[in-house]
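Engineer: Residue numbers (the numbering used here): 9 to 494. Positions of the beta carbon are idealized from the N, C-alpha and C atoms, including for glycine. Here's a structure for you.
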């Protein structure tokens, strides 16, 4: 019986792939037909009329005037024809953007992501005590920012299996600094469903939020404290990914360091020993929504489940760390918020120059009829310290963390409420956060949403101008967002 069920599932998956390929071919043919109609209409409207013969009294100038006037009228006529025909160009695919070109040479898609954020940190304490016992002023913000702008060009070239992605990343809170604009990309080759090889700027799959489901999160471009504290980031290197069996996927990556943004090649060591491995199993339905996203916007009629395990390892050098104000930065921090490379952080008179970072993460989640619940736990080891100055007081630092998030679609495809909480169990403090929020999709479709998010944080170990909280923060923050993604 089990073998029959497996065979039926495999045939069903094959039928679904065939239907998807057929739909794509139909959509492509419809797009080409629309382009041909529009081209024919434009050609007919802009074809110049025959010129009248010149008069016996030097009528060439008059002919030139009439020719220019004819072209202007033809252009106006073309606009009228195009408007009356109500023709459209290209195809829109949610998550992939607009297809603006497709030829035998390749395909070009354009997509974008951005959001307008109002951030109010007036509810945070005015001061905090840092790792060394110093009382510091908290820079509490109350402002509006076009917080992030991402522009993507992606598609294939020469061979549909040869893919490219290039993107421009604008970080508006850092305007005027060297980290305000980032340009990056990657290349990939799809051998088959089981194996895709990619190289360039890639996400280390160290936590669930780096699985590639951004921006399909519950909060707008903001992780919980535990995830942000533990995770790796974006590096330059190679990755391999694919589907091992129905419902079982893998991704592994090797790169330069935990976070490459803001780090020049001259500051990297020559080890290239950063690597990460993730396995995701979706046993009940074989999927967990588009990109295995957070929340159940799709209203699963059958119970969808996901289990994942991850391990990440890296030798981090003090010189190869990104700046504190670099977007998507990841510094190796202690649970007090100070970076491990700060002089005297682990012992008076000593400075860590190099450290071995290892981190494991496990997650489990479910979705059913608009309800979503997921938890993730972490353990991180820091050891193998290489120092200058006095000997360290520690030979190993071990931190644990956990987070949970859940949501419910109050109105299908329109209104969602969510809640989340996380905590770090660290050697230098136990910071935590908790929050609630609301998402509203006014058009009943992904692509544009309005969000309100209220959270409380206790002695945050992480933060930057791009986050709704800062290092050391204790208290309430509120942010409201208008997000667009296509």
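Give the secondary structure of residue 237 by DSSP, where H, G and I count as helix, E and B as strand, and everything else as coil.
Structural biologist: Taking the first residue of the chain shown as position 1, residue 237 is located at position 229. Residue 237: helix per DSSP, three-state reduction.
Engineer: Please identify the residue among 176, 382 and 239 whose C-alpha is closest to the C-alpha of residue 209.
Structural biologist: If you number the chain shown from 1, residue 209 lands on position 201. Looking at the Cα atoms, 176 is the closest of the given residues.
Engineer: I need the DSSP call for residue 168, collapsed to helix, strand or coil.
Structural biologist: Against the chain shown, residue 168 aligns to sequence position 160. Looking at residue 168 - three-state DSSP - the assignment turns out to be strand.
Engineer: For the beta strand (DSSP E) holding residue 129, just list the boundary residues, first then last.
Structural biologist: Within the chain shown, residue 129 is the residue found at index 121, counting from 1. Unbroken beta strand (DSSP E) run through residue 129: 114 to 132.
Engineer: Residue 500 and residue 250 look like a contact to me (Cβ under 8 Å); what is the Cβ gap, rounded to whole Å?
Structural biologist: With the chain covering 9 to 494 only, the question about residue 500 has no answer from this structure.
Engineer: For the beta strand (DSSP E) containing residue 449, name the first residue and the last one.
Structural biologist: Within the chain shown, residue 449 is the residue found at index 441, counting from 1. Looking at the DSSP string, residue 449 is not in any beta strand (DSSP E), and its letter there is neither H nor E.
Engineer: Could you say if the stretch 262 to 270 and the stretch 229 to 241 meet the contact criterion of at least three C-beta pairs nearer than 8 Å?
Structural biologist: yes
Engineer: Determine the extent of the beta strand (DSSP E) in which residue 402 is found, giving its start and end residues.
Structural biologist: Reading the chain shown from its first residue, position 394 is the one you call residue 402. Element bounds for residue 402: n/a, residue is neither H nor E.
Engineer: Looking at C-alpha atoms only, which residue of 318, 482, 194 and 309 is the closest neighbour of residue 259?
Structural biologist: Here residue 259 refers to the residue found at position 251 of the chain shown. For the residues 318, 482, 194 and 309, the minimum Cα distance to residue 259 belongs to 318.
Engineer: Any idea if residue 404 is buried or exposed, counting beta-carbon neighbours within 10 angstroms, 16 or more meaning buried?
Structural biologist: To locate residue 404, count along the chain shown from 1; it is residue 396. When all chains shown are included, residue 404 counts as exposed.
Engineer: Mind checking whether residue 430 and residue 154 have CB atoms under 8 Å apart?
Structural biologist: Looking up residue 430 in the chain shown gives position 422. Looking up residue 154 in the chain shown gives position 146. No. Outside cutoff.
Engineer: For residue 174, which of 168, 191 and 167 has the nearest alpha-carbon?
Structural biologist: In the chain shown, counting from the first residue as 1, residue 174 sits at position 166. Nearest option by C-alpha distance: 191.
Engineer: Could you say if the stretch 152 to 172 and the stretch 122 to 141 meet the contact criterion of at least three C-beta pairs nearer than 8 Å?
Structural biologist: yes
Engineer: Where in the stretch 408 to 446 do unbroken runs of the beta strand (DSSP E), each at least 3 residues long, occur, reported from the N-terminal end onward?
Structural biologist: If we require 3 residues or more, the beta strand (DSSP E) runs fully inside the stretch 408 to 446 come out as 423 to 433.
Engineer: The beta strand (DSSP E) with residue 206 in it runs from where to where?
Structural biologist: Translated into positions along the chain shown, residue 206 becomes position 198. That run of the beta strand (DSSP E) goes 203 to 211.
Engineer: Could you give the distance in angstroms between the alpha-carbon of residue 92 and the alpha-carbon of residue 105?
Structural biologist: For the purposes of this step, residue 92 is taken as residue 84 along the chain shown, with counting starting at 1. For the purposes of this step, residue 105 is taken as residue 97 along the chain shown, with counting starting at 1. Because residue 92 carries a pLDDT of 48, less than 50, the predicted location of this residue cannot be relied on, and no value is offered for it.
Engineer: Does the distance from the C-beta atom of residue 379 to that of residue 304 stay below 8 Å?
Structural biologist: Sequence index remark: in the chain shown, residue 379 carries index 371 (1-based). Sequence index remark: in the chain shown, residue 304 carries index 296 (1-based). Against a cut-off of 8 Å, the Cβ pair of residue 304 and residue 379 comes out as a contact.
Engineer: Among the candidates 374, 141, 252 and 387, whose CA atom is the shortest distance from the CA of residue 367?
Structural biologist: As a first step, residue 367 must be located in the chain shown, where it is residue number 359. Residue 367 has its Cα closest to that of 387, out of 374, 141, 252 and 387.
Engineer: Starting from residue 391, trace the beta strand (DSSP E) in both directions and tell me its first and last residue.
Structural biologist: Along the chain shown, read from residue 1 onward, the residue named residue 391 stands at position 383. Note, residue 391: beta strand (DSSP E), 379 to 397.
Engineer: If you drop the 5 nearest sequence neighbours on each side, which residues of the same chain put their C-beta closer than 6 Å to that of residue 115?
Structural biologist: Position 107 of the chain shown holds residue 115. Closer than 6 Å at the Cβ level, and outside the excluded window around residue 115, lie 163 and 164.
Engineer: Looking at residue 190 and the ligand COA, is the gap between the Cβ and the nearest heavy atom below 7 Å?
Structural biologist: Of the ligands one can find in the structure shown there are none, so the ligand COA has no counterpart to examine.
Engineer: Could you give the distance in angstroms between the alpha-carbon of residue 335 and the alpha-carbon of residue 230?
Structural biologist: Along the chain shown, read from residue 1 onward, the residue named residue 335 stands at position 327. Along the chain shown, read from residue 1 onward, the residue named residue 230 stands at position 222. Because the pLDDT of residue 335 is 48, which lies under 50, any placement of that residue in the model is unreliable, and the number read from its coordinates should be weighed accordingly. Roughly 12 Å separates the two Cα atoms.
Engineer: Where does residue 299 sit, in a helix, a strand or coil, going by DSSP?
Structural biologist: Your numbering for residue 299 matches position 291 in the chain shown. DSSP, read as helix, strand or coil, puts residue 299 in helix.
Engineer: Look at the Cβ atom of residue 324, then the Cβ atom of residue 271, and state whether they are nearer than 8 Å.
Structural biologist: Reading the chain shown from its first residue, position 316 is the one you call residue 324. Reading the chain shown from its first residue, position 263 is the one you call residue 271. No, Cβ-Cβ distance for residue 324 and residue 271 is not below 8 Å.
Engineer: Do three or more CB pairs link the stretch 442 to 459 to the stretch 417 to 429 at distances below 8 Å?
Structural biologist: yes
Engineer: Use the C-beta contact count for residue 140: other C-beta atoms within 10 angstroms, 16 or more gives buried, fewer gives exposed.
Structural biologist: Your numbering for residue 140 matches position 132 in the chain shown. With fewer than 16 Cβ atoms within 10 Å of its Cβ, residue 140 is classed as exposed.
Engineer: Our contact map puts residue 383 next to residue 410 with C-beta atoms below 8 Å; I'd like the distance itself, whole angstroms only.
Structural biologist: Reading the chain shown from its first residue, position 375 is the one you call residue 383. Reading the chain shown from its first residue, position 402 is the one you call residue 410. Sure, about 7 Å apart at Cβ, within 8 Å.
Engineer: Taking the C-alpha atoms as reference points, what is the distance between residue 492 and residue 120?
Structural biologist: Translated into positions along the chain shown, residue 492 becomes position 484. Translated into positions along the chain shown, residue 120 becomes position 112. Taking the straight line joining both Cα atoms gives about 8 Å.
Engineer: Buried or exposed for residue 112, please, with buried defined as at least 16 other CB atoms from any protein chain shown within 10 angstroms of its CB.
Structural biologist: Here residue 112 refers to the residue found at position 104 of the chain shown. Looking at its Cβ environment, which holds fewer than 16 other Cβ atoms inside 10 Å, residue 112 is exposed.
Engineer: Is the beta carbon of residue 398 less than 8 Å from the beta carbon of residue 460?
Structural biologist: The residue you call residue 398 lines up with position 390 of the chain shown. The residue you call residue 460 lines up with position 452 of the chain shown. Cβ distance not < 8 Å, so residue 398 and residue 460 don't count as in contact.
Engineer: Let me check one thing: in DSSP terms, what residues is residue 151 bridge-paired to?
Structural biologist: Position 143 of the chain shown, counted from the start, is the residue given in the question as residue 151. Under DSSP, residue 151 takes part in a beta bridge, and its partners are 127.
Engineer: Is the Cβ of residue 262 closer than 8 Å to any Cβ of chain D?
Structural biologist: Included in the structure is just one protein chain, with no chain D present.
Engineer: With distances taken Cα to Cα, identify the nearest neighbour of residue 438 among 476, 345 and 110.
Structural biologist: For the purposes of this step, residue 438 is taken as residue 430 along the chain shown, with counting starting at 1. The shortest C-alpha separation from residue 438 is found at 345.
Engineer: By how many angstroms is the C-alpha of residue 100 removed from the C-alpha of residue 118?
Structural biologist: Counting from 1 along the chain shown, the entry for residue 118 is found at position 110. Counting from 1 along the chain shown, the entry for residue 100 is found at position 92. If I take the Cα positions, the gap works out to 10 Å.
Engineer: Taking DSSP's pairing of strands, which residues face residue 495 in a bridge?
Structural biologist: Past the edges of the chain, shown from 9 to 494, lies residue 495, and the structure says nothing about it.
Engineer: Do you know how far the Cα of residue 218 is from the Cα of residue 211?
Structural biologist: As a first step, residue 211 must be located in the chain shown, where it is residue number 203. As a first step, residue 218 must be located in the chain shown, where it is residue number 210. Approximately 6 Å, taken between the alpha carbons.
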